[in-house]
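In the working numbering, the protein residues as written are 4 to 141.
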């Protein structure tokens, strides 16, 4: 699906407005193909104030996704992920390549992103080593 730059900015703004209506959400990002060009869906990642169980995460993600889809008049499929329980490398990719569309507290966002970056850099050497070993087998 193609959307013009102006349309995309409007979509991002509307997503941010929807996210602001959920008390539980601290930070909301849009990431993935929607930001790059051609896309099938819109990927949204959320940092929530309390670390929910996997079941609660799934329920909340579905609830937010439905509300965003409704607000956008079902023009786009929305895929929502909860960052609290996501792997460090995924969180890193979201903050590196995603766009913040909602932030309740800028200081909390900066601390969160610094923590993710620190954890990722600590973990990166291990990931690089694993990649090197796996590629050596091929």
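Cβ atoms here follow ideal geometry from the backbone N, Cα and C, with glycine treated the same way.
*Decide if the stretch 74-88 is in contact with the stretch 31-48; the criterion is three or more beta carbon pairs, one per stretch, under 8 Å apart.*
yes
*Report, in whole angstroms, the separation of the C-beta atoms of residue 32 and residue 104, which I expect to be a contact under 8 Å.*
7 Å
_Contacting residues, own chain, Cβ-Cβ under 6 Å from residue 95 (five flanking each side not counted)_ = 119 and 123
*Tell me whether residue 130 sits in a helix, a strand or coil according to DSSP, three-state version.*
helix
*In whole angstroms, what is the alpha-carbon distance linking residue 137 and residue 92?*
18 Å
*Which residue from 12, 55, 51 and 24 puts its Cα closest to that of residue 39?*
12
*Between 35, 28 and 19, which lies nearest to residue 99 when the distance is taken from Cα to Cα?*
35
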